[in-house]
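Engineer: Just dropping this structure here.
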Amino acid sequence: MATYKDATNTFVLEAGEVNFEIPGGASTLHSNVQGNALNNVLTGSDGSNELSGGDGNDTLIGGLGEDHLIGGAGFDIVSYEYSTSGLRIDLNVNTPSTGPAFAAGTDSDSYVSIEGVIGSNHNDTIVGSNAVSEWLNGGAGIDDIQGGDGNDTIIGGVGADILRGGAGIDTLSYATAGSGVNVTLNSADGAVNGFGSLGDANGDNINGFENLTGSNYADTLNGNTGANYIDGGIGDDILVGKGGNDTLYGGLGADDMQGLADNDLYYVDNALDYVRERGGEGYDHVITTVTFDLAARGDGEIELFQAAAGAGAINLYGNYHTNHIIGNEANNIIDGRRGADTMEGGGGDDTYYVDNAGDVVIDSQGNNIVYTSANFNGSQFSGKVIATGSVGISLTGDASANTILGNSGANRINGGIGNDVLTGGSGRDSFVFDSKIGDHRTNKTFNLDRITDFKVKQDKILLDNAIFKKLKKTGKLKDDFFKLGSKATDKNDYIIYNKSKKTLSYDVDGSGSKKAVEIIKFDKKINLTAADILVI
Numbered sequence: 278m279a280t281y282k283d284a285t286n287t288f289v290l291e292a293g294e295v296n297f298e299i300p301g302g303a304s305t306l307h308s309n310v311q312g313n314a315l316n317n318v319l320t321g322s323d324g325s326n327e328l329s330g331g332d333g334n335d336t337l338i339g340g341l342g343e344d345h346l347i348g349g350a351g352f353d354i355v356s357y358e359y360s361t362s363g364l365r366i367d368l369n370v371n372t373p374s375t376g377p378a379f380a381a382g383t384d385s386d387s388y389v390s391i392e393g394v395i396g397s398n399h400n401d402t403i404v405g406s407n408a409v410s411e412w413l414n415g416g417a418g419i420d421d422i423q424g425g426d427g428n429d430t431i432i433g434g435v436g437a438d439i440l441r442g443g444a445g446i447d448t449l450s451y452a453t454a455g456s457g458v459n460v461t462l463n464s465a466d467g468a469v470n471g472f473g474s475l476g477d478a479n480g481d482n483i484n485g486f487e488n489l490t491g492s493n494y495a496d497t498l499n500g501n502t503g504a505n506y507i508d509g510g511i512g513d514d515i516l517v518g519k520g521g522n523d524t525l526y527g528g529l530g531a532d533d534m535q536g537l538a539d540n541d542l543y544y545v546d547n548a549l550d551y552v553r554e555r556g557g558e559g560y561d562h563v564i565t566t567v568t569f570d571l572a573a574r575g576d577g578e579i580e581l582f583q584a585a586a587g588a589g590a591i592n593l594y595g596n597y598h599t600n601h602i603i604g605n606e607a608n609n610i611i612d613g614r615r616g617a618d619t620m621e622g623g624g625g626d627d628t629y630y631v632d633n634a635g636d637v638v639i640d641s642q643g644n645n646i647v648y649t650s651a652n653f654n655g656s657q658f659s660g661k662v663i664a665t666g667s668v669g670i671s672l673t674g675d676a677s678a679n680t681i682l683g684n685s686g687a688n689r690i691n692g693g694i695g696n697d698v699l700t701g702g703s704g705r706d707s708f709v710f711d712s713k714i715g716d717h718r719t720n721k722t723f724n725l726d727r728i729t730d731f732k733v734k735q736d737k738i739l740l741d742n743a744i745f746k747k748l749k750k751t752g753k754l755k756d757d758f759f760k761l762g763s764k765a766t767d768k769n770d771y772i773i774y775n776k777s778k779k780t781l782s783y784d785v786d787g788s789g790s791k792k793a794v795e796i797i798k799f800d801k802k803i804n805l806t807a808a809d810i811l812v813i
């Protein structure tokens with residue numbers, strides 16, 4: 278129970294006490310109530326009261342009389358929802374209208390540190406202050422609500438309301454509406470008022486707003502040519518940005534979102550959401566918390582398509598435009614579809630599908646796989662590369678240890694630097710070696726490749742003379758440069774095939790003092806000859 282101080286007619290809430298109503302509600306005596314650090318609900322009497330919330334997010338209900346309402350720290354609300362008539366509530370009035378004695382007079386409340394207002398169910402006029410960002414709710418009735426200089430949120434409620442955002446970045450909200458609404462914001466310059474129809478929005482006159490929040494039902498929400506944040510809320514909504522750098526958040530439900538011109542950001546949280554854009558209308562960005570297919574559930578050009586952090590293992594499918602697709606920390610499947618796409622996995626073990634030679638995959642973390650039906654340069658990709666289809670393609674790895682598998686066509690395979698595992702497949706394949714090599718000790722640690730299925734007289738080994746300088750002229754390897762055995766015996770025995778060890782080596786000085794460098798390890802003992810090697 279609150280402690281009562283008779284000398285000042287003050288009630289002070291005890292620790293742990295949340296709600297308090299001045300005893301004898303019909304009393305016209307002046308009383309004070311002091312809240313605590315909790316989220317208090319303080320209710321005055323019919324007299325002129327001073328209610329002070331203290332710390333916490335408090336609700337102050339003054340009742341009749343000229344009340345002085347002090348929110349204190351936190352987000353504090355004054356409520357008139359039980360009033361029997363319409364009111365004028367002006368948060369700029371911060372001193373009692375008739376002095377500290379609170380004598381009867383104008384019946385005008387005063388406010389200090391108040392961030393929110395709940396109006397009555399009648400026709401109210403609510404004026405926000407010029408000090409802070411406020412939440413103003415008119416309740417039922419035909420209300421006139423004017424925001425202040427802060428970033429205000431205004432709820433008209435039921436009735437044909439006049440709603441003015443004022444200065445700042447203001448939000449018009451229908452989050453409390455009992456049915457769907459249709460709303461169009463004012464023009465970006467304020468020269469043309471916005472309007473509403475259906476449900477709580479019916480007959481609303483709107484100006485001075487940049488952002489818009491819908492109901493928990495099916496809404497149609499239209500922005501303007503400025504930068505808007507439009508939140509559909511729950512329900513299957515239609516959101517239209519109408520130009521400007523808009524943020525469109527459909528909320529729960531299958532939402533249809535269209536940003537139009539400029540740089541738009543879309544938040545997708547339902548696989549049945551639909552994203553509409555047109556080519557050449559800015560740099561547009563989609564962030565999704567669910568598996569999403571831009572080709573099936575969107576049209577137009579989306580430049581950046583991204584999995585939300587913390588959304589788990591979701592999959593991202595691009596469309597026929599050039600997309601930049603980024604996964605999250607989980608295991609993602611990323612398919613750019615048509616277009617020269619850039620795909621990044623982030624953390625996790627990611628799977629990529631490549632269908633355009635211009636596709637780029639950037640991923641050096643996790644156990645990753647690329648399935649490709651087009652030429653693929655994996656210079657920024659670490660993992661396994663698998664060719665699909667039956668048409669021969671070019672496959673290139675990066676500086677890490679890659680596993681590269683060709684298809685049934687004639688593939689050109691280049692592992693790059695790293696101890697790579699290379700498999701050509703059943704076609705006539707070429708294995709390219711054009712990366713810097715080390716000496717006889719170090720090369721084994723960073724650039725000794727393994728070929729699992731080399732077929733003599735069918736496959737070829739291609740040695741770049743910029744690396745293997747002694748081979749000089751391009752074309753078929755000279756027979757004199759090839760040696761079958763464990764070491765060079767002539768000064769021009771530069772390429773040595775050791776069948777027993779299943780290795781191919783390069784000896785820069787032939788039978789000289791320098792030791793040969795192993796460059797290839799075969800899985801099987803094969804009858805390799807100079808005819809199987811080309812100099813490029």
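Counting in the working numbering, the sequence shown runs from 278 upward without gaps.
The beta-carbon is built from N, C-alpha and C at its ideal position, and this holds for glycine as well.
Using 7 Å as the threshold, is the C-beta distance between V310 and T336 below it?
Structural biologist: no
Engineer: For the alpha helix (DSSP H) containing N369, name the first residue and the last one.
Structural biologist: Taken as a continuous stretch (DSSP letters only), N369 belongs to no alpha helix (DSSP H), as it is neither H nor E.
Engineer: What is the DSSP secondary structure of N309, reduced to helix, strand or coil?
Structural biologist: strand
Engineer: Just the C-alpha distance for F633 and G613, rounded to the nearest angstrom, thanks.
Structural biologist: It is worth fixing the name first, because residue 633 is Asn in this sequence and not Phe. Each residue's alpha carbon lies about 9 Å from the other.
Engineer: Restricting to runs no shorter than 3 residues, where is the beta strand (DSSP E) found entirely within the region 606-640?
Structural biologist: 610-612, 619-621 and 628-631
Engineer: Quick check: what's the CA-CA separation for I507 versus L525?
Structural biologist: 5 Å
Engineer: Just to confirm before moving on: does the CB-CB distance between A531 and N547 stay below 7 Å?
Structural biologist: yes
Engineer: Can you give the beta carbon distance from I432 to I403, rounded, assuming they're within the 8 Å contact cut?
Structural biologist: In fact, because the Cβ distance is near 10 Å, the residues do not count as touching under 8 Å.
Engineer: The alpha helix (DSSP H) with K778 in it runs from where to where?
Structural biologist: Premise fails: K778 is in no alpha helix (DSSP H) and is neither H nor E.
Engineer: For the structure I just gave you, are there three or more beta carbon pairs, one from the region 790-809 and one from the region 718-731, closer than 8 Å?
Structural biologist: yes
Engineer: Around the Cβ of Q535, are there at least 16 other Cβ atoms within 10 angstroms (buried) or fewer (exposed)?
Structural biologist: Buried, because 16 or more other Cβ atoms sit within 10 Å of the Cβ of Q535.
Engineer: Use the C-beta contact count for A381: other C-beta atoms within 10 angstroms, 16 or more gives buried, fewer gives exposed.
Structural biologist: Below a pLDDT of 50, predicted positions are generally treated as unreliable, and A381, at 34, falls in that range; the measurement from the model is reported next regardless. Exposed.
Engineer: For K753, does the three-state DSSP call read helix, strand or coil?
Structural biologist: Looking at K753 - three-state DSSP - the assignment turns out to be strand.
Engineer: Report the residue from Q657, N644 and G624 whose alpha carbon sits nearest the alpha carbon of D636.
Structural biologist: Closest by alpha carbon: Q657.
Engineer: Which residue marks the beginning of the alpha helix (DSSP H) containing N720, and which one marks its end?
Structural biologist: N720 to F723 is the span of the alpha helix (DSSP H), which, as asked, contains N720.
Engineer: Report all residues from its chain with a CB closer than 7 Å to the CB of E606; omit the five preceding and five following residues, and keep chain order.
Structural biologist: A586, G623, G624 and G625
Engineer: Just to confirm my understanding: we take Y234, look at its own chain, exclude 5 residues before and 5 after, and list those with CB closer than 6 Å. What are they?
Structural biologist: Since the displayed the chain opens at 278 and closes at 813, residue 234 lies outside it and no answer follows.
Engineer: Cα separation between G376 and V389?
Structural biologist: Low confidence applies here, because G376 scores a pLDDT of 36, under 50, leaving its location unreliable; read the following figure in that light. Cα to Cα, G376 sits roughly 15 Å from V389.
Engineer: If you scan the region 464-523 from start to end, which runs of the beta strand (DSSP E) of 3 or more residues do you find wholly inside it?
Structural biologist: 471-474, 482-484, 488-490, 497-499, 506-508 and 515-517
Engineer: For D716, which of helix, strand or coil comes out of DSSP?
Structural biologist: coil
Engineer: Report buried or exposed for A495, applying the criterion of at least 16 other Cβ atoms within 10 angstroms of its Cβ.
Structural biologist: buried
Engineer: Within the chosen definition, does the region 659-677 reach the region 686-698 through at least 3 CB pairs nearer than 8 Å?
Structural biologist: yes
Engineer: Near S641, what residues of its chain come up, given a Cβ to Cβ distance below 6 Å and the 5 sequence neighbours on each side ignored?
Structural biologist: S659
Engineer: Short check: CB of V709 to CB of G686, under 7 Å?
Structural biologist: The answer is no: Cβ separation not under 7 Å.
Engineer: Do L699 and I728 have their C-beta atoms within less than 7 Å of each other?
Structural biologist: A contact, by the Cβ cut-off of 7 Å.
Engineer: With I391 and V355 assumed to form a contact (beta carbons below 8 Å), what rounded beta-carbon distance in angstroms separates them?
Structural biologist: Sure, about 5 Å apart at Cβ, within 8 Å.
Engineer: Output the distance between the C-alpha atoms of N459 and T361, rounded to the nearest integer angstrom.
Structural biologist: Straight-line measurement puts the Cα of T361 at about 30 Å from the Cα of N459.
Engineer: Helix, strand or coil: which one does DSSP assign to A584?
Structural biologist: strand
Engineer: To the nearest angstrom, how far is the alpha carbon of G443 from that of G424?
Structural biologist: 5 Å
Engineer: Would you list the one or two residues that DSSP bridges to G575?
Structural biologist: V552
Engineer: Quick one: residues in its chain with C-beta nearer than 7 Å to the C-beta of S325, no 5 flanking neighbours on either side, listed in chain order?
Structural biologist: Answer for S325: H307, G342, E343, D344 and F379, listed in chain order.
Engineer: Tell me which residues share the same chain as S671 and place their Cβ nearer than 6 Å to its Cβ, disregarding the 5 neighbours each side in the sequence.
Structural biologist: N652 and R689
Engineer: Does DSSP classify D741 as helix, strand or coil?
Structural biologist: coil
Engineer: Quick check: N313 and L290, are their CB atoms within less than 7 Å of each other?
Structural biologist: yes
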